[in-house]
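Below is one structure, written out as structure tokens; the observations come after it.
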Amino acid sequence: MVVIGTAIYMLGNLGILPGDYIIYLELIVWVVGILSITYILSILVKRRLSNTVGVDNASSLSFIIRVVGYALAIAGFLAAFRVSLGAALAAGGFAGLVLGLASQDVLSNVFGGIMLLFSRPYKVGQRITVSTWQYGMDFPTYPPKYFSNDFLIPGYTGTVKDITLLYTVIETDEMVELRIPNSIMIQAAIFVHDKTWRRKVRTRYEISKDLDPDLVIERIEKGLSDMEGLIQPPIVRVLEATQTTFVLGIDVVSSSIYEEPVRSDVIRRVNKIIKGINQTEKVKQAG
Numbered sequence: 001m002v003v004i005g006t007a008i009y010m011l012g013n014l015g016i017l018p019g020d021y022i023i024y025l026e027l028i029v030w031v032v033g034i035l036s037i038t039y040i041l042s043i044l045v046k047r048r049l050s051n052t053v054g055v056d057n058a059s060s061l062s063f064i065i066r067v068v069g070y071a072l073a074i075a076g077f078l079a080a081f082r083v084s085l086g087a088a089l090a091a092g093g094f095a096g097l098v099l100g101l102a103s104q105d106v107l108s109n110v111f112g113g114i115m116l117l118f119s120r121p122y123k124v125g126q127r128i129t130v131s132t133w134q135y136g137m138d139f140p141t142y143p144p145k146y147f148s149n150d151f152l153i154p155g156y157t158g159t160v161k162d163i164t165l166l167y168t169v170i171e172t173d174e175m176v177e178l179r180i181p182n183s184i185m186i187q188a189a190i191f192v193h194d195k196t197w198r199r200k201v202r203t204r205y206e207i208s209k210d211l212d213p214d215l216v217i218e219r220i221e222k223g224l225s226d227m228e229g230l231i232q233p234p235i236v237r238v239l240e241a242t243q244t245t246f247v248l249g250i251d252v253v254s255s256s257i258y259e260e261p262v263r264s265d266v267i268r269r270v271n272k273i274i275k276g277i278n279q280t281e282k283v284k285q286a287g
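As structure tokens, then:
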């Protein structure tokens with residue numbers, strides 16, 4: 001860009017390029033050069049400073065550099081045409097009205113990104129769930145909820161990878177990149193999972209009515225007491241009963257931000273406990 005700018009300046013002084021064209025060429029060089037330098041600098045800051053100041057701070061600094069770059073490009077554009085402050089404000093008011101109506105969604109995403117930068121409801125690297133009415137979900141009518149009788153939160157869960165001018169980039173738990181506009185993120189309900197490194201996991205388990213529920217509950221609580229990462233003693237309750245089974249709710253508070261590994265461990269342990277009780281009952285009946 002420096003070489004091109006120098007060449008344009010020399011050609012203008014030599015009279016090869018008409019003066020009317022020089023300002024336009026210089027303006028193109030300025031805008032393209034500033035945006036290119038801004039982009040490269042923001043990428044370098046994000047990559048080089050991530051290990052020093054943290055991924056979140058490096059991403060925020062990269063975002064600020066991009067905003068400053070766009071501001072400098074616009075300022076250079078106005079200065080090239082020698083637009084005064086008063087004229088710029090007057091023209092900006094009219095242009096802002098027209099452009100605001102024409103590009104309302106784009107501008108709302110940009111300002112949404114700036115608000116996210118200062119409010120920081122979540123950070124790059126955090127695992128979050130985004131629940132918003134703009135992106136609806138269809139759920140099966142039967143069974144509506146398998147592991148909870150209380151509620152089901154519709155949302156998208158994943159790890160925040162980047163916050164750009166227009167989008168928040170999330171890598172979902174299925175390892176798919178999801179880009180949500182910043183204007184949506186400002187309005188959404190955000191569940192930050194790793195704010196506190198613990199999770200209450202409820203597991204539903206059905207047992208036969210032939211078994212004594214008090215005995216089963218006692219055995220399960222004892223069998224789960226040595227689980228890895230257990231923060232509180234497990235609690236087992238009878239949630240409901242069908243014609244042939246009791247439905248148990250097994251609540252475990254574990255030092256994890258993921259439900260599936262904890263629930264898997266609970267199910268495997270409870271399955272062994274129930275098998276042991278059934279075998280004992282068969283031996284008693286045979287004797």
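With the UniProt record's numbering, letter number 279 in the sequence shown gets 279, and the count goes up by one each step, no holes.
All C-beta atoms, glycine included, are put in the ideal place defined by N, C-alpha and C.
No experiment lies behind these values; they were computed from the predicted model shown.
**Asked** Secondary structure at A188, three-state DSSP: helix, strand or coil?
**Response** coil
**residue 336 to G125 span [Cα, whole Å]** = An answer regarding residue 336 cannot be provided, because it is not within the stretch 1 to 287 covered by the chain.
**Inter-residue Cα distance where the pair is R48 and N271** = One C-alpha to the other measures close to 50 Å.
**Request:** For residue 289, collect the residues of the same chain with a Cβ closer than 6 Å to its Cβ; drop the 5 residues on either side in sequence, then sort them by chain order.
**Result:** One cannot answer for residue 289 here, as it falls past the ends of the chain, which runs 1 to 287.
**Prompt:** DSSP three-state call for T164: helix, strand or coil?
**Reply:** coil
**Asked** What three-state label does DSSP hand I231 in the structure shown?
**Response** coil
**Request:** Look at the alpha carbon of L165 and the alpha carbon of K275, and state the distance between them as a whole number of angstroms.
**Result:** 56 Å
**Prompt:** For S208, which three-state DSSP category applies?
**Reply:** Three-state result, S208: strand.
**DSSP beta-bridge partners of K200** = V253
**Prompt:** Given a threshold of 16 other Cβ atoms within 10 Å of its Cβ, counted over all protein chains shown, does V283 qualify as buried or as exposed?
**Reply:** exposed
**Asked** Looking only at DSSP bridge pairs, what is F63 linked to?
**Response** Answer is none; F63 lacks a bridge partner.
**Request:** Please report the residue range of the alpha helix (DSSP H) in which L215 lies.
**Result:** 213–223
**Message:** Between the alpha carbons of L72 and I64, how many angstroms are there, rounded?
**Reply:** 12 Å
**Asked** Within this structure, are the beta carbons of V201 and R263 separated by less than 9 Å?
**Response** In this structure, R263 lies closer than 9 Å to V201 by Cβ.
**Request:** Quick one: residues in its chain with C-beta nearer than 6 Å to the C-beta of L109, no 5 flanking neighbours on either side, listed in chain order?
**Result:** Residue 109 is actually Asn in this sequence, not Leu. Excluding sequence neighbours, N109 sits near L166, P181, N182, S183.
**For Q232 and S36, the rounded distance between their alpha carbons** = 54 Å
**Asked** To the nearest angstrom, how far is it from the Cα of I163 to the Cα of S59?
**Response** Rounded to whole angstroms, the gap between the alpha carbons of I163 and S59 is 7 Å.
**Request:** Output the distance between the C-alpha atoms of P144 and I43, rounded to the nearest integer angstrom.
**Result:** The predicted position of P144 is uncertain, since its pLDDT is 48 and thus under 50; a value taken from the coordinates is nonetheless stated next. Going by the C-alpha atoms only, they are around 45 Å apart.
**Request:** For V266, name the three-state secondary structure that DSSP assigns.
**Result:** In the three-state reduction of the DSSP assignment, V266 falls in the helix class, which pools H, G and I.
**Asked** Three-state secondary structure (DSSP) at R120?
**Response** coil
**Asked** Exposed or buried, what is S119 when buried is set at 16 or more other beta-carbons lying within 10 Å of its beta-carbon?
**Response** exposed
**Message:** Give me, in chain order, the residues of the same chain whose beta-carbon lies closer than 6 Å to that of E240; leave out the 5 immediate sequence neighbours on both sides.
**Reply:** Beyond the five residues adjoining it in sequence on each side, E240 comes within less than 6 Å, by CB distance, of V247 in the same chain, given in chain order.
**Item:** Cβ-Cβ distance between F191 and S131 below 9 Å
**Value:** yes
**Request:** Kindly give me the distance between the Cβ atoms of G112 and M227, rounded to whole angstroms, as I take these residues to be in contact under 8 Å.
**Result:** For a cut-off of 8 Å, the C-beta gap from G112 to M227 is around 42 Å, too long to register as a contact.
**Item:** Inter-residue Cα distance where the pair is A189 and M115
**Value:** Near 15 Å, if we compare the C-alpha coordinates of M115 and A189.
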